[in-house]
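For the sequence shown, my numbering begins at 7 and goes up steadily by one.
Cβ coordinates follow ideal geometry from the N, Cα and C atoms, glycine included.
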Amino acid sequence: MTTRLRDVLHTTAAQAPAYQVEQRALATARRTRRRRATAVAAALVLVVLGGLVLPAARTSPVDPAGRDEPGALPDRIGLPPVGSLHATDRPRTGPASVIFTGEAGRLTYDDECSLVTVVDGDTDAYRVVRSGWEMTAGTDVVLSPRGRWIAHDPQRGDPRVDIIDLVTGATRQLRSGVAGTVGTEPAAWSPDGMSLVVRDSVPIHLDRSDHRRQLNLIRLDDGSSVRLAEAPSGTVPGVVVAFAPGGDRLAWQTGRVVTVAHIDGSVIASFPLAPGTELAGKGAWTPDGRWLTVARRDDARWTLRRIEPATGADGGALGTAGVDDVVGLQLLGWTATGVPWVVSYLPHPPEAATYTRPFPNDDRPVYGNIGSVEVLSLPPDGQPPTLLLTAPQEVVSLDIAAEVIRAGRTRAADPPGGVGGRFWIWTALIVFAVGGIAAYRSRKQLALWWENRQLRR
């Protein structure tokens, strides 16, 4: 090849446009890696968010079966953790052993609305139920005999009772059918859990300045109802409602009068209580159904006595020891061996144990008079009471599943502390949301950083 030809070829090659093969290949590879990384990150975010949202959205994966055996009573209860899961959230707890309410900071919200705390039957798992107003466990929020259902008045402007299934998380809305009612609240479960006694409030005047109160029994299978009693303004029928063990009779207190009736509403007897006595509580019937039990106050001591359900005649002392220095006593039920379990209301302040007002079977317990509660077992033959459960200050009411009482089992408890599941759910959602917004706004800088990182490799 001549020198002239070689120079011409070099000149022509130098003038030819360059094709940046390496740079374009690298750019294509970078785009592919970015798309793949973005897809993986999006998939991970969706998986995490999906797992977090499922409990809050109350979706329905497989539900646990209800327990065949009744649970055990914890020997102590504590305040629910901040951000506790709701009773309808996952994971479900199953039937409860005890529910309670109070005035402590973690037992209320929106000033005077109650957070009803639910304690699992076998573990220290806690859940909460939001009510629309101040609630009293055992009075207007009641636990079913087996602990599976909680009935409460949501008080959202719609007169009804909500029944929460702790096994499935489902909520049933129950209406009494009383014409003109502006409020319906539960009072007591039948022993088989198939009927619910409710109280209704019906305005007498258009301005709702006065109300009459009505007591009804509603059958849950068909929704039919039986009218049991009616009372004028200022008197609450069924402040205490107690079913006989067979479920064929029930007794309730209105003012100073006890009424005994069949479940069809036919009255068997109605009689005034002796001074200083109150129908003892939801467990007022003795296990054989022969007697009713009343709580009698003598100064600062409360004792249990029997009365005839047909006449109200005194049948003598029950034979259990008295409970001293408390402001009230309610009989919750009996064990299979015939030992009564009671809840005692400790005074607030602790040194003030005497009050002239009848307590606790008024329309509402006077929260200011109660410092805390205890559950006691009252052995026969006057043996000293056995302490079964203690509670923090400002826990002022509780209800225990009848089957838990009948089983008579207790367990050592370790109430949860720290924060609950909903706190972590919403914290994680906020973190992901803030992180996602920040990543979107910095997407160009992130892309440039990624490209530079790949070029260094």
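I need the boundaries of the alpha helix (DSSP H) containing residue i, first residue and last residue.
i: VAL410; result: 408-413
Taking the alpha carbon of residue i as the point to measure from, which residue in the options has its own alpha carbon closest?
i: GLN336; options: THR299, THR343, GLN161, LYS450; result: THR299
i: GLY271; options: ARG154, LYS288, GLY253, ASP305; result: GLY253
i: VAL410; options: PRO76, THR17, ARG10; result: PRO76
i: LEU151; options: THR309, ALA275, SER196; result: One detail in the question is off: residue 151 reads as Pro in this sequence, not Leu. With distances taken between Cα atoms, PRO151 lies closest to SER196.
i: PRO238; options: ALA131, SER207, GLY287; result: SER207
i: PRO278; options: LEU256, ASP320, ARG255, LEU79; result: ASP320
i: ASP304; options: ARG296, GLY328, SER276; result: GLY328
i: VAL203; options: ARG10, GLY186, ILE224, HIS354; result: ILE224
i: ALA110; options: HIS92, GLY377, ALA248, VAL263; result: GLY377
i: ARG428; options: LEU91, PRO86, VAL173; result: LEU91
i: GLY244; options: GLN259, PRO251, LEU234; result: GLN259
i: ALA397; options: PRO86, THR8, THR17; result: PRO86
i: GLY414; options: TRP340, PRO421, PRO251; result: TRP340
i: TRP139; options: ARG417, LEU113, TYR132; result: LEU113
i: PRO80; options: GLY163, GLN451, ILE436, PRO422; result: PRO422
i: VAL242; options: ALA418, ASP216, VAL232; result: ASP216
i: LEU212; options: THR187, GLY199, SER201, ASN222; result: THR187
i: PRO209; options: GLY240, VAL232, ASN222, ALA194; result: GLY240
i: GLY322; options: TRP297, GLY89, ILE436; result: TRP297
i: THR129; options: ALA419, GLU457, VAL440; result: ALA419
i: GLN389; options: ARG412, VAL345, ILE156; result: VAL345
i: SER137; options: ASP116, ALA78, TRP455, ARG154; result: ASP116
i: ALA387; options: THR326, VAL437, ALA407, PRO355; result: Reading off the sequence, residue 387 comes out as Asp, not Ala. Per the Cα distances, THR326.
i: VAL264; options: ARG133, GLY318, PHE249; result: GLY318
Where does the unbroken beta strand (DSSP E) through residue i begin, and where does it stop?
i: ASP81; result: Looking at the DSSP string, ASP81 is not in any beta strand (DSSP E), and its letter there is neither H nor E.
i: GLY111; result: GLY111 -> no beta strand (DSSP E), and no H or E assigned at all.
i: THR309; result: 307-313
i: GLY377; result: 376-383
i: ARG181; result: Note, ARG181: premise wrong, no beta strand (DSSP E); not H, not E.
i: VAL204; result: 201-209
i: GLY334; result: 334-340
i: TRP155; result: 155-158
i: THR283; result: 283-285
i: PRO278; result: 273-278
i: ASP168; result: 167-171
i: VAL135; result: 132-136
i: THR123; result: 119-126
Looking only at DSSP bridge pairs, what is residue i linked to?
i: LEU394; result: BP columns for LEU394 are empty, so no partner.
i: ALA323; result: ARG311
i: LEU256; result: PHE249, ALA267
i: PRO346; result: TRP340
i: PRO192; result: VAL204
i: ASP304; result: ARG307
i: ILE224; result: LEU202, SER231
i: ASP330; result: ARG307
i: PRO353; result: ILE376
i: ASP405; result: ILE105
i: VAL148; result: ALA157
i: PRO243; result: THR260
i: ARG218; result: VAL208
i: ARG417; result: PRO80
i: LEU298; result: TRP291, ILE313
Below 8 Å on the Cβ atoms is my guess for residue i versus residue j; work out the distance and round it to an integer in Å.
i: ILE105; j: ASP405; result: 5 Å
i: ILE169; j: ARG181; result: In fact, because the Cβ distance is near 11 Å, the residues do not count as touching under 8 Å.
i: ARG255; j: GLU236; result: No, ARG255 and GLU236 are not in contact; Cβ-Cβ is about 20 Å, not under 8 Å.
i: LYS288; j: LEU324; result: LYS288 to LEU324, Cβ: 16 Å. No contact.
i: LEU234; j: ALA267; result: 6 Å
i: ASP330; j: ALA301; result: Wrong, their Cβ atoms sit about 13 Å apart, outside the cutoff.
i: VAL173; j: PRO101; result: 7 Å
Practice task
Could you say if the region 376-383 and the region 121-129 meet the contact criterion of at least three C-beta pairs nearer than 8 Å?
Solution key: no
Problem - Given 8 Å, three or more beta-carbon pairs between the region 143-155 and the region 84-97 - result: no
Practice task
Mind the definition here: the region 218-237 touches the region 278-289 only if three or more C-beta pairs lie below 8 Å; say whether that holds.
Solution key: Below 8 Å, too few C-beta pairs join the region 218-237 and the region 278-289 to call them touching: fewer than three.
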